[in-house]
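Undergrad: First the structure, then my questions, so here it is.
Residue numbers (our numbering), protein chains in the order written: chain A, 1 to 469; chain B, 470 to 938.
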C-alpha cells in the first residue's frame with residue numbers, strides 16, 4: 001500500500017461532539033458543506049482533492065488555539081489553509097479532519113517603519129502587505145508566483161524572484177506566533193535583527209508545512225525601496241549560453257536583484273497570455289536595485305557578460321510600466337503555460353543546485369522532457385541555482401503522467417548528485433516525501449521524525465506530510 | 470540550590486571501563502591530566518573552571534561518533550571544545566564527563582570556488598579559513614572577536630563586525646555534519662543556496678551549543694573579495710549622537726559592510742593597547758565594500774549623515790595597512806580592556822534591540838554602569854542593534870560582582886522590553902539561562918526542552934546548558 005493509501009486508511013469519522021462544539025462556537029464560520037470542503041481539499045498540485053471533514057474560518061490566534069485544543073482532545077487532524085496555492089499537495093486532508101482557513105486573519109499587527117520590520121497576521125498576502133507599505137518607502141521582497149499568504153509562505157519556506165538578492169522566508173522571518181499541537185500559543189523570537197538566544201524555533205517552524213504547529217502571526221524584515229531600479233532582457237541562441245551568463249554574473253558577485261530564466265516554451269506561453277512579442281528563444285530577465293550610478297554599473301557589467309556569452313540584444317526597461325508588464329508576465333508564466341493546453345493539469349516541480357552545475361542540470365532535464373515528448377517549460381530563479389519544470393499532463397493519460405513523474409524523479413536524483421536539493425522553494429508536501437529521504441538519508445529523516453513525534457505526539461498537525469509517522 | 474549546584478550534584482565518577490577503552494583507542498590523545506582538564510574546563514567567561522574527567526583529541530567525524538557512542542552507553546556527558554573562547558560558560562563541564570577537543574580536525578574538506586562555498590572540519594578557525602582562501606579571490610566574512618573555530622561559531626550562532634552586511638552563522642551555514650546523541654552521523658543539508666526540503670536541521674543545530682549534537686563539519690557561503698574597500702572613523706561629543714547617526718544610516722538602507730561603536734572607555738583601552746591616538750570620545754568605525762564608485766558613494770552618504778549628527782572629523786583610512794591597524798585594534802578591544810585592570814576578570818554581556826531603540830538602550834545601560842561605579846566599556850556591532858558591555862571585576866569582591874550582574878540583568882530586561890533579545894551573539898551557555906526564559910516565556914522554553922529531551926534523551930550532550938532538564 002502506498003503512503004497515501006496508508007494514511008487515508010487511518011481516517012476516522014469526525015466525532016459528533018466536536019462538530020456540535022465547533023458549530024456552537026463558530027456559527028457560520030464553521031462549515032461542512034461539500035463545496036467548501038472541496039475548495040479546501042485541493043491546492044495547485046495535480047493531486048485529486050482530499051477533503052477535510054469541516055472548515056473553520058478563524059479570526060484570531062486564540063481561536064486557532066481553541067480549535068487545536070478541541071481537535072487534540074479528539075485526535076482529529078488539523079490543517080492550516082492560507083490561499084491554497086501550494087504545489088506539492090501540502091494542504092490535502094489525507095486523513096480528513098478540520099481545515100483552519102486563516103484568510104480572515106488578514107490584519108496588519110504592526111509596521112515598525114523605523115526598524116524595517118512588520119508583524120502581520122498569517123492571512124495577509126504578499127501583495128496586500130506591499131500595498132499597506134506603499135507610503136512608507138519600504139517594501140517586502142519575497143514573491144512566490146502566487147499572491148500567497150505570509151503564514152503559508154513562512155510555513156513552506158517560500159522564496160521567489162528576489163531571493164537572489166534578499167533571501168527567502170528563512171532569512172527574512174524574524175519571529176512567529178505559533179499554536180502548538182496541544183493548543184498553546186508561543187512566540188518564537190523578537191524583533192531583534194539577530195539573536196543567539198537558544199534553539200532557533202523560528203526556523204524550525206519556517207518550512208515545517210503545518211506539521212509541527214500553526215503559524216498565526218509573522219514578523220518579517222522590510223527593505224527601503226531602492227533609489228533606482230532598472231530592468232533588462234536579453235535572448236540567447238541556447239539554454240547553455242543563457243545559464244552560463246548567469247553563472248558568471250553570480251560568480252563575479254554582481255548584486256543583481258533578480259535574474260530569471262525562461263526557456264523558449266515559457267516565452268511562447270507568456271507571449272500568448274500577456275500579448276508580448278518577445279523573441280521565442282531562451283530569455284533572461286534582470287532587475288537591478290541601487291543608487292542611480294550603482295544600477296547603471298551593475299547593468300553594464302551584466303551587459304558585458306551576457307554579450308560575451310552571445311546574448312542577442314540587451315534591451316532596457318527603465319520605465320516602471322514596462323518593467324511591471326515584464327514582471328507580471330513572468331509571474332503569470334505558470335498559468336500562461338496551463339492555458340496552452342485546455343483541460344490539462346500541471347505537474348510542477350523544482351530543484352536547486354550549486355550554481356556551477358546549473359547549466360548541466362537544466363540541459364539534462366530538458367533533454368529528458370524532449371525524449372518523453374512532454375509539453376513543458378523550464379523557468380527559474382537561476383541566480384540561486386533554482387529552476388522549475390512545469391509539465392502539462394492529461395489527467396486521464398496514465399502513461400503521460402508516468403513520463404512526467406519519471407522526468408521529475410530523474411531531475412531530483414540528478415540535482416542530489418550535484419550536491420543540490422530536491423526542492424528549492426516548493427516544499428515537500430505529499431509529493432516529495434521519498435525524495436526527502438533520498439536527499440537526507442534515513443538517519444537524518446529519523447531525526448526529523450523524532451522532532452515530529454516530540455512536538456506533535458498525537459500526529460494531528462497536517463498528518464502524512466514531510467515525514468512518514 | 471541554584472542551577473549550577475543542582476547540575477553539579479548529578480556528577481558521577483567516570484566509569485573505569487570507559488577510561489580503559491578510551492585509553493586503548495586513543496592512546497596519548499586521551500588525557501586525564503589535571504592541567505589538560507583544567508585548560509578544557511574554562512572559557513573566557515568569569516566562571517571558575519569546571520573540569521571534565523578526561524579530554525579526547527578527535528581526528529575525524531567517525532572518532533567523534535565512536536566517543537559519543539561509548540559515552541552514551543555509560544550515560545557520561547560529552548562536551549565539544551573548539552578554541553575555548555566562548556563567553557557565557559558554554560563549555561564548562563558542569564557534570565564532568567568527556568570533553569572532545571576538535572582542534573586537530575582542522576582540514577579543509579573542499580573549497581568550491583565556482584559555487585562560493587567551502588566545507589571545513591569543525592576545528593578550522595576563521596583566520597585559517599581566510600588564509601586558505603587567500604588566492605581564490607573569495608573570503609569568509611564572519612568574525613567574532615576571537616579566532617574561533619568554525620564548529621564553535623556554528624554551535625554558538627556567532628557573528629561579528631561584518632554581520633550587518635553579510636549576516637551571521639545562521640545565514641551563512643549551508644550544511645553541517647553532526648554526530649547525534651546516540652552516535653549516528655548525519656548531514657543536515659546540501660550545497661544548494663536555498664532549500665525547502667523538510668525541517669531545517671541545519672538551523673536547529675546552529676546555535677544549539679553542543680546540547681543536541683556535535684558539529685564536526687561545516688559548509689559555509691563565501692563571498693567575492695570586494696573590488697574596493699574603504700574605511701572611515703569619526704568621533705562624537707556624545708554616545709547618543711554617534712548611535713543616532715548609525716540608526717539613520719541603517720534606516721536609509723546604506724549597505725555598510727561594518728559599523729562599529731566604541732565608547733570613550735573602549736577607545737582609551739585600545740589607544741593604550743595598540744598604541745593609537747584616537748580621540749577618547751565615542752567613536753564610529755565604518756567599512757564600505759563595493760565597486761570603486763559605490764564605495765565612494767556610500768562613504769559620502771555616511772559622511773553627510775554623521776556630519777549632520779555632529780561628528781567631529783570624518784577621517785578616511787584607504788590604505789590597507791591603516792585599515793588593518795584599526796580593525797585589529799577593534800578586535801583586540803576585549804583584551805585591551807582586560808589589560809587595563811591587572812588581575813581583574815571580565816563579565817562580558819551582549820544584547821540586541823530593534824535599531825530605533827538602540828541609543829536609548831545603550832544610554833540607560835551606560836548610566837547604570839556609571840551609577841554602580843564600574844570599570845566598563847560599551848562597544849558594539851551597532852548596525853545590527855547589537856552591543857556589548859564588558860565590566861572588569863575583582864574576582865574576590867562579591868559586591869562588585871553583584872553590581873556587574875545587576876547591570877547585566879537590567880540591561881537584558883531593558884532590551885526585552887524593547888522587543889530585543891537577551892543575546893545577539895554570545896549565546897546562552899550557563900549564564901543566560903534565566904534570561905532565555907524571560908525572553909521566550911515558559912511555553913516556548915518548554916518546546917525547547919521537548920526538543921532537547923527528544924534528541925538527547927540521556928541528557929549527555931553538554932548537559933546543563935541553554936535549558937534546564
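All C-beta atoms, glycine included, are put in the ideal place defined by N, C-alpha and C.
Predicted, not measured: the structure shown is a model, and the values here were computed from it.
For residue 466 of chain A and residue 795 of chain B, what's the separation of their Cα atoms in angstroms?
TA: Each residue's Cα considered, the two are about 50 Å apart.
Undergrad: Compare the beta carbon distance of residue 431 of chain A and residue 44 of chain A with 7 Å and say whether it is the shorter of the two.
TA: No, they are not a contact pair.
Undergrad: Go ahead and label residue 990 of chain B buried or exposed: buried means 16 or more other beta carbons lie within 10 angstroms of its beta carbon, across all protein chains shown.
TA: Past the edges of chain B, shown from 470 to 938, lies residue 990 of chain B, and the structure says nothing about it.
Undergrad: Would the segment 229–237 of chain A and the segment 299–315 of chain A be scored as touching if the rule is three or more Cβ pairs under 8 Å?
TA: Counting Cβ pairs under 8 Å, three or more are found: they touch.
Undergrad: Could you check whether the Cβ of residue 1005 of chain B sits closer than 7 Å to any Cβ belonging to chain A?
TA: Since the first residue shown for chain B is 470 and the last is 938, residue 1005 of chain B is missing from the structure and cannot be characterised.
Undergrad: Any idea what DSSP makes of residue 297 of chain A, helix, strand or coil?
TA: Helix.
Undergrad: Could you list which residues in chain B have their beta carbon closer than 7 Å to that of residue 168 of chain A, in chain order?
TA: Near residue 168 of chain A (Cβ distances below 7 Å), the residues of chain B are 663.
Undergrad: Starting from the beta carbon of residue 728 of chain B, find every residue of chain A whose beta carbon is closer than 9 Å, and list them in chain order.
TA: Per Cβ cutoff of 9 Å: no residues; residue 728 of chain B is ~13 Å from chain A at best.
Undergrad: Going by beta-carbon coordinates alone, are residue 199 of chain A and residue 677 of chain B separated by less than 7 Å?
TA: Result yes, Cβ atoms of residue 199 of chain A and residue 677 of chain B sit closer than 7 Å.
Undergrad: Near residue 334 of chain A, what residues of its chain come up, given a Cβ to Cβ distance below 6 Å and the 5 sequence neighbours on each side ignored?
TA: Taken in chain order, the residues that qualify are 145.
Undergrad: At what residues does the alpha helix (DSSP H) containing residue 440 of chain A begin and finish?
TA: Its alpha helix (DSSP H) spans residues 433–440.
Undergrad: How do the segment 256–276 of chain A and the segment 182–197 of chain A stand: do at least 3 beta-carbon pairs fall below 8 Å, yes or no?
TA: Touching, no.
Undergrad: For residue 467 of chain A, name the three-state secondary structure that DSSP assigns.
TA: Note: residue 467 of chain A maps to coil in three-state DSSP.
Undergrad: Which residues, taken in chain order from the segment 700–720 of chain B, show a beta carbon closer than 7 Å to some beta carbon of chain A?
TA: Residues passing the 7 Å Cβ filter: 720.
Undergrad: Where do the ends of the alpha helix (DSSP H) carrying residue 162 of chain A lie?
TA: Residue 162 of chain A -> no alpha helix (DSSP H), and no H or E assigned at all.
Undergrad: If you draw a straight line from the C-alpha of residue 277 of chain A to the C-alpha of residue 143 of chain A, how long is it?
TA: Rounded to the nearest angstrom, the two C-alpha atoms are 25 Å apart.
Undergrad: Counting only C-beta atoms, is residue 422 of chain A closer than 7 Å to chain B at any point?
TA: True, the Cβ-Cβ gap to chain B drops below 7 Å.
Undergrad: Name the residues in the segment 793–822 of chain B whose C-beta lies less than 7 Å from a C-beta of chain A; which are they?
TA: If the cut-off is 7 Å between Cβ atoms, the segment 793–822 of chain B has 821, 822 near chain A.
Undergrad: Can the beta-carbon of residue 249 of chain A be found less than 7 Å from the beta-carbon of residue 302 of chain A?
TA: A contact, by the Cβ cut-off of 7 Å.
Undergrad: At a cut of 8 Å, does the segment 338–350 of chain A reach the segment 385–401 of chain A through at least three beta carbon pairs?
TA: Yes, the segment 338–350 of chain A is in contact with the segment 385–401 of chain A.
Undergrad: Look up residue 823 of chain B in the DSSP assignment and say whether it is helix, strand or coil.
TA: Residue 823 of chain B: coil per DSSP, three-state reduction.
Undergrad: Kindly indicate the opening and closing residues of the alpha helix (DSSP H) around residue 803 of chain B.
TA: From DSSP, the alpha helix (DSSP H) with residue 803 of chain B extends over 802–808.
Undergrad: Is DSSP giving residue 928 of chain B helix, strand or coil here?
TA: In this structure, residue 928 of chain B counts as coil in the three-state DSSP scheme.
Undergrad: Counting only Cβ pairs nearer than 7 Å, list the residues of chain B close to residue 157 of chain A.
TA: Neighbours of residue 157 of chain A on chain B, chain order: 665.
Undergrad: Check whether the Cβ of residue 917 of chain B lies closer than 7 Å to any Cβ atom in chain A.
TA: Closer than 7 Å to some Cβ of chain A, the Cβ of residue 917 of chain B qualifies, so yes.
Undergrad: Hey, does residue 224 of chain A have any beta-carbon neighbour from chain B nearer than 7 Å?
TA: Cβ-Cβ to chain B under 7 Å: yes for residue 224 of chain A.
Undergrad: Across the segment 390–409 of chain A and the segment 362–382 of chain A, are there enough close Cβ pairs to call them in contact, namely three or more that are closer than 8 Å?
TA: Enough Cβ pairs lie closer than 8 Å, so yes.
Undergrad: Scan the segment 188–253 of chain A and note each continuous alpha helix (DSSP H) run of 4 residues or more that stays entirely inside, going in chain order.
TA: As far as the segment 188–253 of chain A is concerned, its whole alpha helix (DSSP H) runs of at least 4 residues are 201–205, 239–251.
Undergrad: Spell out whether any CB of chain B is found under 7 Å from the CB atom of residue 119 of chain A.
TA: No, its Cβ sits nowhere closer than 7 Å to a Cβ of chain B.
Undergrad: Taking 7 Å as the threshold (C-beta atoms), are residue 822 of chain B and residue 854 of chain B in contact?
TA: Yes. Within cutoff.
Undergrad: List the endpoints of the continuous alpha helix (DSSP H) containing residue 846 of chain B.
TA: No alpha helix (DSSP H) holds residue 846 of chain B; the beta strand (DSSP E) holding it covers 844–850.
Undergrad: Could you tell me whether the segment 488–500 of chain B touches the segment 451–463 of chain A, using the rule of 3 or more Cβ pairs below 8 Å?
TA: In short, these stretches do not touch, since the Cβ pair count stays below three.
Undergrad: Can you confirm whether residue 466 of chain A, when its beta carbon is compared against all beta carbons of chain B, has any partner nearer than 7 Å?
TA: So yes, residue 466 of chain A belongs to the interface.
Undergrad: Considering Cα atoms alone, identify which of A:307, A:297, A:56 is closest to residue 284 of chain A.
TA: Of A:307, A:297, A:56, the residue nearest in Cα terms is A:307.
Undergrad: Around the C-beta of residue 886 of chain B, are 16 or more other C-beta atoms found within 10 angstroms, so that it is buried, or is it exposed?
TA: Result: exposed.
Undergrad: With a threshold of 16 other CB atoms inside 10 Å of the CB of residue 690 of chain B, please say whether the residue is buried or exposed.
TA: With 16 or more Cβ atoms within 10 Å of its Cβ, residue 690 of chain B is classed as buried.
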